[in-house]
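The block underneath contains the structure these notes are about, expressed in structure tokens.
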Amino acid sequence: MSIANRAKGVSPSLTLAITAKSKKMKEDGIDVISFSAGEPDFNTPDYIIEAAKVALDKGMTKYTPSSGTLNLRKAICEKLKKDNNLDYSPNQIVVSNGAKHSLYNAMQAIVNPGDEVIIPAPYWLTYPELVKLSDGIPVAVNTCEKNGFKLTAEELEQAITPKTKALIFNSPSNPTGSVYSKAEITALAKVIEKAGIYVISDEIYEKLVYDGAQHYSIAECSPKLYEKTVIVNGVSKTYAMTGWRIGYTASNKEIANAIDNMQSHTTSNANSIAQYATQVALSSEKGNEFLRVMQDAFTKRRQFMLERIKAMSIVSCVEPHGAFYVMMKVSGLFNKAIDGKVMKTAQDVAELMLDKVNVAVIPGESFGADEYIRLSYAISEKDIKTGLDSIEKFVALAK
Ligand code: PLP
Numbered sequence: 135m136s137i138a139n140r141a142k143g144v145s146p147s148l149t150l151a152i153t154a155k156s157k158k159m160k161e162d163g164i165d166v167i168s169f170s171a172g173e174p175d176f177n178t179p180d181y182i183i184e185a186a187k188v189a190l191d192k193g194m195t196k197y198t199p200s201s202g203t204l205n206l207r208k209a210i211c212e213k214l215k216k217d218n219n220l221d222y223s224p225n226q227i228v229v230s231n232g233a234k235h236s237l238y239n240a241m242q243a244i245v246n247p248g249d250e251v252i253i254p255a256p257y258w259l260t261y262p263e264l265v266k267l268s269d270g271i272p273v274a275v276n277t278c279e280k281n282g283f284k285l286t287a288e289e290l291e292q293a294i295t296p297k298t299k300a301l302i303f304n305s306p307s308n309p310t311g312s313v314y315s316k317a318e319i320t321a322l323a324k325v326i327e328k329a330g331i332y333v334i335s336d337e338i339y340e341k342l343v344y345d346g347a348q349h350y351s352i353a354e355c356s357p358k359l360y361e362k363t364v365i366v367n368g369v370s371k372t373y374a375m376t377g378w379r380i381g382y383t384a385s386n387k388e389i390a391n392a393i394d395n396m397q398s399h400t401t402s403n404a405n406s407i408a409q410y411a412t413q414v415a416l417s418s419e420k421g422n423e424f425l426r427v428m429q430d431a432f433t434k435r436r437q438f439m440l441e442r443i444k445a446m447s448i449v450s451c452v453e454p455h456g457a458f459y460v461m462m463k464v465s466g467l468f469n470k471a472i473d474g475k476v477m478k479t480a481q482d483v484a485e486l487m488l489d490k491v492n493v494a495v496i497p498g499e500s501f502g503a504d505e506y507i508r509l510s511y512a513i514s515e516k517d518i519k520t521g522l523d524s525i526e527k528f529v530a531l532a533k
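Residue 135 is where the sequence shown starts when you use the working numbering, and the numbers rise one by one after that.
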């Protein structure tokens with residue numbers, strides 16, 4: 135007897151070894167700079183924390199409808215109207231335990247065994263695993279650096295087969311930071327409409343855009359696309375609420391019902407206190423103030439990081455316009471060595487970097503980007519500076 139194939143099929147995270155090692159080094163008193171952060175280094179704003187206290191004091195500590203409180207779903211509909219010009223009613227919204235859970239639910243609702251799901255690469259490492267958990271087949275489609283890692287309509291068209299059920303679309307993207315323009319999305323939309331496939335649109339980094347880039351939801355393209363799109367969003371990144379675990383889907387009623395039914399038998403409602411805090415987070419003007427401060431900090435750090443990387447030899451990067459990551463191309467270091475240790479892969483580069491200069495980064499293999507490492511700038515300016523000094527030193531050591 136052995137455990138289920140479904141469970142066996144999930145890939146272990148390649149980043150675990152590096153994360154575990156950097157943690158051990160820190161415990162041993164070594165000053166490790168980690169560029170691996172996947173969450174804002176800001177506290178959840180006070181007004182949201184106060185709202186959670188109110189929820190507790192008012193006894194909002196019981197079950198809610200499994201899809202979330204009506205008031206929160208109404209607040210989400212207002213947000214979707216205000217920010218994305220999209221009309222949804224509360225019965226099209228399901229609130230879940232973080233955007234990751236919403237993505238899982240969306241996949242479970244859409245994907246049948248053997249269905250193909252297209253994932254533009256580089257991708258967030260969780261996507262292929264979620265497709266596999268739905269017994270679907272993840273189909274990674276490589277994007278080009280010269281297109282800013284954005285999938286083109288032609289690339290999409292070529293990847294579609296009779297088995298294609300959906301596209302996972304992520305703009306702004308983790309890990310590339312690419313933000314698709316309205317024109318680029320409209321071009322993709324034409325192909326999607328013709329093929330009649332679904333889109334799971336992960337918009338979690340919507341508010342983190344720079345240099346005048348604008349977020350545009352693919353569901354805005356046409357009534358057809360609206361019907362076929364499941365928007366996934368949440369408050370983890372926008373309001374620095376990663377630990378509160380609130381995400382949501384916005385979809386047609388059939389999908390929303392299916393997700394709600396599944397959720398009612400699995401996790402039931404998301405945390406009631408966090409739901410109220412999220413309702414306040416979305417509805418208060420104070421959110422804009424917080425966002426401005428966070429965006430300003432990220433804008434400054436991003437600029438600094440790009441300038442530093444551009445000034446380095448051997449490594450390079452494609453300018454990202456959203457999220458809080460920069461992909462650094464490190465294939466120029468392949469076949470070079472430090473102290474006799476030859477680097478052949480991004481994983482080798484990441485491991486040696488941690489060994490030699492105490493800097494932790496995420497190797498690109500996990501994202502379907504074998505020639506890159508991912509650096510997060512959701513860490514202090516001081517750490518960014520120290521870390522980049524060390525990376526520069528590391529690059530110079532490689533012969
Ligand atoms: N989608 C992307 C692209 C992410 O990078 C993340 C978190 O890192 C998530 C979804 C998950 O968000 P949550 O913490 O709300 O589950």
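Glycine is no exception: its CB is placed at the ideal position from the N, C-alpha and C atoms.
{"Check": "Closest residue to ASN395 among ASN225, LYS284, ILE525, ALA154 (Cα-Cα distance)", "Outcome": "ASN225"}
{"Check": "Rounded separation between GLN481 and ALA457 - CA only", "Outcome": "23 Å"}
{"Check": "Cβ-based burial, ASP336 [other Cβ within 10 Å; buried from 16]", "Outcome": "buried"}
{"Check": "Neighbourhood of VAL449 by C-beta, 8 Å cutoff - its chain only, sequence neighbours within 5 removed", "Outcome": "ILE443, MET462, LYS463, VAL464, GLY466, LEU467, ILE525, VAL529"}
{"Check": "Within-9 Å CB hit, GLY163 to chain C", "Outcome": "No chain C is present in this structure, which holds just one protein chain."}
{"Check": "ILE352 versus THR320: straight-line alpha-carbon distance, rounded", "Outcome": "8 Å"}
{"Check": "Those residues, in chain order, that have a beta-carbon closer than 6 Å to some heavy atom of the ligand PLP", "Outcome": "GLY172, GLY232, ALA233, LYS234, TRP258, ASN304, ASN308, ASP336, ILE338, GLY368, SER370, THR376, GLY381"}
{"Check": "Exposed unless 16 or more other CB atoms sit within 10 angstroms - verdict on ALA255", "Outcome": "buried"}
{"Check": "ALA457 (DSSP reduced to helix, strand or coil)", "Outcome": "coil"}
{"Check": "Status (buried if at least 16 other CB within 10 Å, exposed otherwise) for CYS278", "Outcome": "exposed"}
{"Check": "Cβ contact (3+ pairs, closer than 8 Å) linking the stretch 397-409 and the stretch 226-233", "Outcome": "yes"}
{"Check": "Contact check, ILE338 vs SER370, beta carbons under 9 Å", "Outcome": "yes"}
{"Check": "9 Å Cβ cutoff met for THR244 and THR298", "Outcome": "Inspection of the sequence shows that residue 244 is occupied by Ile rather than by Thr. Not a contact, by the Cβ cut-off of 9 Å."}
{"Check": "Heavy atom of the ligand FMN within 8 Å of VAL188 beta-carbon", "Outcome": "Absence of the ligand FMN from the depicted structure is noted, with the ligand PLP being the only ligands included."}
{"Check": "Cβ pair SER170, GLU263 closer than 9 Å", "Outcome": "no"}
{"Check": "Alpha carbon of GLU485 to alpha carbon of ILE152, nearest angstrom", "Outcome": "7 Å"}
{"Check": "Option in LYS234, ILE182, VAL325 with minimal Cα separation from TYR373", "Outcome": "ILE182"}
{"Check": "Range covered by the alpha helix (DSSP H) that runs through GLU184", "Outcome": "180-191"}
{"Check": "N-terminal and C-terminal residue of the alpha helix (DSSP H) that SER417 is part of", "Outcome": "406-417"}
{"Check": "Where ILE164 falls, given that 16 or more other Cβ within 10 Å makes a residue buried", "Outcome": "exposed"}
{"Check": "Residues that DSSP places opposite GLU250 in a beta bridge", "Outcome": "ILE271, THR298"}
{"Check": "Own chain partners of ARG140 with C-beta closer than 8 Å, once the 5 adjacent residues on each side are dropped", "Outcome": "LYS266, LEU267, ASP269"}
{"Check": "Continuous alpha helix (DSSP H) stretch holding ASP120: start and end", "Outcome": "Here the chain covers residues 135 to 533 and nothing more, so residue 120 does not appear."}
{"Check": "Residue span of the alpha helix (DSSP H) that contains LYS440, given as start and end", "Outcome": "Correcting the residue type first, residue 440 is Leu in the shown sequence and not Lys. Counting along the chain, the alpha helix (DSSP H) containing LEU440 begins and ends at 420-444."}
{"Check": "One or two residues paired with ASP165 in a DSSP bridge", "Outcome": "None; ASP165 has no bridge partner."}
{"Check": "Coil, strand or helix - LEU531 by DSSP", "Outcome": "helix"}
{"Check": "Beta-bridge partners of ARG508, as assigned by DSSP", "Outcome": "MET461, ILE496"}
{"Check": "Distance CB(TRP258)-CB(ASN308) smaller than 9 Å", "Outcome": "yes"}
{"Check": "Contacting residues, own chain, Cβ-Cβ under 7 Å from MET194 (five flanking each side not counted)", "Outcome": "SER406, ILE407, TYR410"}
{"Check": "Cβ contact check for the stretch 385-399 and the stretch 361-368: 3 or more pairs under 8 Å", "Outcome": "yes"}
{"Check": "Cβ neighbour criterion (16 or more within 10 Å) applied to GLU250", "Outcome": "buried"}
{"Check": "Proximity below 9 Å, CB of GLU318 to CB of SER356", "Outcome": "no"}
{"Check": "Buried versus exposed call for GLY311 [16 or more other C-beta atoms within 10 Å across all chains shown]", "Outcome": "buried"}
{"Check": "Cβ shell of THR198 (< 7 Å), same chain only, five flanking positions each side left out", "Outcome": "ASN403, SER406, GLN409"}
{"Check": "The stretch 420-439 / the stretch 508-528 touching (three or more Cβ pairs under 8 Å)", "Outcome": "yes"}
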